[in-house]
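Undergrad: Position 12 (the sequence shown) corresponds to 12 in this note's numbering; numbering is contiguous. Don't be surprised by glycine CBs; every beta carbon is placed ideally from N, CA and C.
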Amino acid sequence: MKLISGVLLIALTALPAFGQQSTREDFKEFCQAMAGRWLGDVTWIMDWPGFGKRGDKVTAYAENKIAEDGHALHLRFFGGPGSGSSMAVYDAGAKQIRWSGGDSGGTTFVSIVSKQNGKWASAETGSHADGTKYEGKYTVTISDGGNTHTWAGSTKITGKKADELKDVWRRVSK
1 MKLISGVLLI
11 ALTALPAFGQ
21 QSTREDFKEF
31 CQAMAGRWLG
41 DVTWIMDWPG
51 FGKRGDKVTA
61 YAENKIAEDG
71 HALHLRFFGG
81 PGSGSSMAVY
91 DAGAKQIRWS
101 GGDSGGTTFV
111 SIVSKQNGKW
121 ASAETGSHAD
131 GTKYEGKYTV
141 TISDGGNTHT
151 WAGSTKITGK
161 KADELKDVWR
171 RVSK
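Structure below.
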């Protein structure tokens, strides 16, 4: 019985990762959806070192480029006084789209991206420069022929819920 319980426990812990599996074609679609220059109406959902305080509203800018012969997406972000760089890649062994990066305030993150119910979804973990940890689950609703992205979701900082994410981005150039 202990063996069956152990196997069941291992199988259950693997389910979230299994649910986030993607294909290389999914990755290509993700890159096309995210590529370009973007303007965003952003509200900080928590104090963000190097960027602003919870509730501050900023116009943000992003420039995302498909790179490395289509095997990577390089992303640059500028919001308020801060900036960030990240890269998304397809991990064929894990069958996952992995997105990771860091910013000028010392925050780092790792995210697993997948397509769920027609929307891009991500599960993210990260930490600020002082070691404060956060985790979030986000979705992107794409509209206006692919030129408007609405990011929504929830974040927990050291286990406490932050404000709900609801940022709108508009593509200004492909």
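#1: Would you say the stretch 39-57 touches the stretch 79-86, given that touching needs at least three Cβ pairs under 8 Å?
#2: Assign residue 169 to buried or exposed, taking buried as 16 or more other Cβ atoms, counted over all protein chains shown, within 10 Å of its Cβ.
#3: Give the list of continuous beta strand (DSSP E) stretches no shorter than 3 residues that lie fully inside the stretch 112-170.
#4: DSSP on residue 109, reduced to helix/strand/coil?
#5: Excluding the five sequence neighbours on either side, which residues of its own chain have a C-beta within less than 8 Å of the C-beta of residue 133, listed in chain order?
#6: Between residue 38 and the rest of its own chain, which residues show a CB-CB distance below 6 Å, the 5 nearest in sequence each way excluded?
#7: I need the straight-line Cα distance from residue 131 to residue 34, nearest angstrom please.
#8: What do you get for residue 88, buried or exposed, if any count of 16 or more other CB atoms within 10 angstroms of its CB means buried?
#9: Cα separation between residue 58 and residue 120?
#10: Could you check which residue in 94, 129 and 90 has the C-alpha nearest to that of residue 216?
#11: Taking the alpha carbon of residue 20 as the point to measure from, which residue in 60, 91 and 71 has its own alpha carbon closest?
TA: Concretely, from the data shown:
#1: yes
#2: buried
#3: Within the stretch 112-170, the complete beta strand (DSSP E) runs of at least 3 residues fall at 119-127, 133-143 and 148-157.
#4: In this structure, residue 109 counts as strand in the three-state DSSP scheme.
#5: The answer, listed in chain order, is 125, 126, 127, 157 and 158.
#6: 62, 169 and 171
#7: 29 Å
#8: buried
#9: 24 Å
#10: Coverage of the chain is limited to positions 1 through 174, which leaves residue 216 absent and any answer about it impossible.
#11: 91
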